[in-house]
Amino acid sequence: MSGEAILTPQHTVLVVDDEAIIRYELVDLLEENGFAVLDASDADEAIAIMENHPGIGAVLTDVEMPGSMDGIKLVQFIRNRWPPTALFVISARALGQGTVLPEHTSFYGKPLDGRRLLRDLSAALDG
1 MSGEAILTPQ
11 HTVLVVDDEA
21 IIRYELVDLL
31 EENGFAVLDA
41 SDADEAIAIM
51 ENHPGIGAVL
61 TDVEMPGSMD
71 GIKLVQFIRN
81 RWPPTALFVI
91 SARALGQGTV
101 LPEHTSFYGK
111 PLDGRRLLRD
121 LSAALDG
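Each residue of the sequence shown is one higher than the one before, counting from 1 in this note's numbering.
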């Protein structure tokens, strides 16, 4: 995990992606722009991190991941358990018909527009 020594409540972002290269690229992008970042490779690890690090302000997750739940189920779980958390979903594919994201969840297609993500994360965490 990255950034544990500099965690600041509400300005900490949890990045969840099973593809290590993509996860580390996102971690680097966020850290280079002043965010404290934690990372997880699946939903179960993400939930454990959320439980052990109160004050995580935002979660950025991929949709397709192995494990007990995918990214859609993860953001639904987080919205129910930690309602104020800003949620961001990333996928190379369009969401399936009938897929419903929790209220106030942002969706980003791949390739990701890093400037847009940084702007939206800053607005969500500082808003």
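Just so it is clear, CB atoms sit at the ideal spot from N, CA and C, and this is done for glycine as well.
Beta-carbon contacts of residue i that lie in its chain and below 6 Å, excluding the five residues immediately before and after
{"i": "histidine 53", "result": "none"}
{"i": "alanine 92", "result": "Lys110"}
{"i": "alanine 123", "result": "none"}
{"i": "tyrosine 139", "result": "Here the chain covers residues 1 to 127 and nothing more, so residue 139 does not appear."}
{"i": "aspartate 44", "result": "Gly67 and Ser68"}
Residue i, enclosing beta strand (DSSP E) - first and last residue
{"i": "phenylalanine 107", "result": "105-109"}
{"i": "alanine 40", "result": "36-40"}
{"i": "serine 91", "result": "86-91"}
{"i": "aspartate 44", "result": "Counting along the chain, aspartate 44 falls outside any beta strand (DSSP E), though it belongs to the alpha helix (DSSP H) covering 43-52."}
C-beta contact flag for residue i and residue j at 8 Å
{"i": "aspartate 70", "j": "serine 41", "result": "no"}
{"i": "asparagine 33", "j": "leucine 87", "result": "no"}
{"i": "glycine 57", "j": "threonine 85", "result": "yes"}
{"i": "leucine 26", "j": "leucine 60", "result": "yes"}
Close Cβ partners of residue i (< 8 Å) along its chain, the five nearest in sequence each way excluded
{"i": "isoleucine 22", "result": "Asp62"}
{"i": "threonine 105", "result": "Val75, Arg79, Leu87, Phe88 and Val89"}
{"i": "glycine 114", "result": "Leu29"}
{"i": "aspartate 120", "result": "Phe88 and Ser106"}
{"i": "arginine 116", "result": "Tyr108"}
{"i": "phenylalanine 77", "result": "Ala43, Ile47 and Met69"}
Range covered by the alpha helix (DSSP H) that runs through residue i
{"i": "glycine 71", "result": "71-81"}
{"i": "valine 27", "result": "20-32"}
{"i": "leucine 118", "result": "114-126"}
Contacting residues, own chain, Cβ-Cβ under 7 Å from residue i (five flanking each side not counted)
{"i": "leucine 112", "result": "Ile90"}
{"i": "aspartate 126", "result": "none"}
The segment 11-29 / the segment 44-52 touching (three or more Cβ pairs under 8 Å): yes
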